[in-house]
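Each residue of the sequence shown is one higher than the last, beginning at 12 in our numbering. Don't be surprised by glycine CBs; every beta carbon is placed ideally from N, CA and C. In what follows, a structure is listed as structure tokens, so that the remarks can point back to it.
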Amino acid sequence: MKFRRKPRETVDINLVSLIDVVFVLLLFFVVTTTFTRETQLRVDLPEAVSGSPAEDQNRQLDIAISAEGVFSVNNQVLPKSDLATLMEALQKESGGDTSRPLSISADGKTQHQAVITAMDAAGKLGFSHLRMTTIEAAPPAP
């Protein structure tokens, strides 16, 4: 007795429906993910490995900007609050050493343009160690 063999059916995995399921899962994760925005500016100040703190403080340059936009470099108020005067004062205080760290401290009510002017002056002179100083905000009263 001779039996006929049934032709084998090729088994295929339907990838179209699998791709649809993956896209639905991806869409679900994207929609349900919460994106948080940081409301506080966090600044990690650099730490010195060698040298004394007094030596580092004498080496550092400080630009302070008042609420009115008046600049001071290392506690010396500048006569004019423009880019050229600030660059000249930074050049004089640094002695041409652009590897010195530069700290910008601006009043909370200072116009944004004054801070950008200070950063622009530092960038044009070639300062690469720039930091913005802030203070920690007080927790809200209950």
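Worksheet item: Would the beta-carbon of A75 fall within 7 angstroms of that of K120?
Response: no
Item to complete: State the DSSP-derived secondary structure class of E58, mapped to helix, strand or coil.
Response: The predicted position of E58 is uncertain, since its pLDDT is 47 and thus under 50; a value taken from the coordinates is nonetheless stated next. Three-state DSSP puts E58 in coil, outside helix and strand.
Item to complete: Sort out for me which residues DSSP pairs F4 with in a bridge.
Response: Look at the range of the chain in this structure, 12 to 153, and you will see that residue 4 is not part of it.
Worksheet item: Would the beta-carbon of L72 fall within 7 angstroms of that of E104?
Response: yes
Worksheet item: Of all the options D31, S28, D93 and F40, which has the alpha carbon lying nearest to the alpha carbon of A129?
Response: Minimum Cα distance to A129 is reached at D93.
Worksheet item: Are any of the Cβ atoms in chain C nearer than 7 angstroms to that of S139?
Response: Note that chain C does not occur in the displayed structure, where there is just one protein chain.
Worksheet item: Can you name the residues that DSSP bridges to R142?
Response: The partner list for R142 (beta bridge, DSSP) reads S114.
Discussion item. Let me make sure I understand the geometry here. Which of V22, F82 and V32 has the alpha-carbon closest to that of D118?
Written reply: Comparing Cα-Cα distances from D118 to each of V22, F82 and V32, the minimum goes to F82.
Discussion item. Only counting the same chain, and skipping five residues up and downstream in sequence, which positions put a Cβ closer than 7 angstroms to that of L56?
Written reply: Confidence at L56 is low in this model, with a pLDDT of 40, below 50, so its placement is unreliable and the value that follows should be read with caution. Excluding residues within five positions, the ones whose Cβ falls inside 7 angstroms are R142.
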